[in-house]
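These notes are about the structure you will find just below.
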Amino acid sequence: MISLKSKKLKALAAGLMLTLAMGIVGCGGDAKDGKKAEKVNVGIVQLVEHEALDAANKGFVDGLASKGYKEGQNIAFDKQNAQADQSNLQNIAHRFVNNKVDLICAIATPAAQTVANVTSDIPIVATAVTDYKMAKLVKDNDKPGTNVTGTTDMNPVADQLDLLVKLVPNAKTIGVIYCSSEVNSQLQVEILKKAAAAKGITVKEATVSTVNDIQQAAHSLVGSVQAIYVPTDNVLASAIPTLISVTDEAKLPVICGEGAHVRAGGLATLGVDYYKLGFQAGEMAADILSGKAKPAEMAIQAQKKFKPVINMKSAAKIGLTVPEELLKDAEVIK
């Protein structure tokens, strides 16, 4: 027969064990929303290495950290770069699926399309994608209806054209160089052509397949255009100095889709901030990982304010005078 004293000791021991267990749970890694954050695994696939996509990558990690998901504590990253190779993208996508990661971050449209074709179960948060619906990643940009959501790098093309006209008021024909296989670039060029037509400006296109085509494409426009526009195109972004080597010699201004292009030698932009876009995507990913939201119900987010970026070194090289009014609120590169 068990004594009363023995029963009391067992009850006391059970209570102590329960208290310790609760204390252990309470000391676990918590996300900022107060929900217990178990260690999660996130795969990051970046299409190619260049300044804009690198910034988006860093922003994504920082965005997650701002919500309590910190590397080395409660989250582990598998960071992969496809080096603009489709077979690499396929291998990386299958790697993530086979490893059963909890979420995938896809940086740039081709990367997002590849991983979306491989899995419809793992949540995908993309960034540096121009139009999710056009890329067939979602059913609707306001309510995706798929396992994909994220942030768009759609730049204000019509406003970029206005900036071009202020810098080159005599422009009657402008050139645009882009990769013919990038749907994000195709969309921007269509918007540019419509905006230009409304102003009585002709757009002359030159397409490339790889960085090796850029120099020839640029030369094909020299002599027939007064300025060149470059959209947020990954092939062009990888080799802006190659383009600028031609346009500087021809004294042609280059208006760009984002700030990294300008810092690499372009003349001006109303800059898309890829770090901020990546950061927003990271915050969205945190909400998915913590169970607050589902990709299918998260509207695609976009940058709302665009700051002018003007490269005065480039202006000097081509002999262009930048109107003072444009410099007031701009990021000026000297």
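All the letters of the sequence shown, read from the start, carry residue numbers 1178 to 1511 under our numbering. Just so it is clear, CB atoms sit at the ideal spot from N, CA and C, and this is done for glycine as well. All of these numbers come straight from a predicted model, not from anything done at the bench.
Judged by beta-carbon spacing, ILE1299 lies within the 7 angstroms limit of ILE1281, meaning their Cβ atoms are closer than that value.
Just measuring C-alpha positions, the residue of ILE1465, LEU1364, ALA1312, LEU1503 sitting nearest ASN1294 is ALA1312. Cβ-Cβ separation between ALA1303 and LEU1224: approximately 11 angstroms, too far for a contact (criterion under 8 angstroms).
DSSP places GLN1267 in the helix class (H, G or I) of the three-state scheme. PRO1408 places its beta carbon 7 angstroms or farther from that of SER1358. The three-state secondary structure of ASN1234, taken from DSSP, is helix. Taking a contact as a CB-CB distance under 8 angstroms, the pair ALA1507 and ILE1487 counts as one, their CB atoms being some 5 angstroms apart. With a cutoff of 7 angstroms on beta-carbon distance, VAL1399 and ALA1427 are scored as near each other. By the CB criterion at 7 angstroms, ALA1283 and VAL1292 fall inside the cutoff. If you compare the alpha carbons of ILE1301, ASP1279, LYS1277, VAL1222 with that of GLN1267, the shortest gap goes to VAL1222. Taking all protein chains in view, the Cβ of GLU1460 is crowded by 16 or more other Cβ atoms within 10 Å, so the residue is classified as buried. In the structure shown, TYR1452 falls within a helical segment according to DSSP collapsed to helix, strand and coil. Per DSSP, the continuous beta strand (DSSP E) segment holding ASN1488 begins and ends at 1484-1488. ALA1458 places its beta carbon 7 angstroms or farther from that of GLY1249. Segment contact: the segment 1325-1339 against the segment 1388-1399, fewer than three CB-CB distances shorter than 8 angstroms; contact not assigned.
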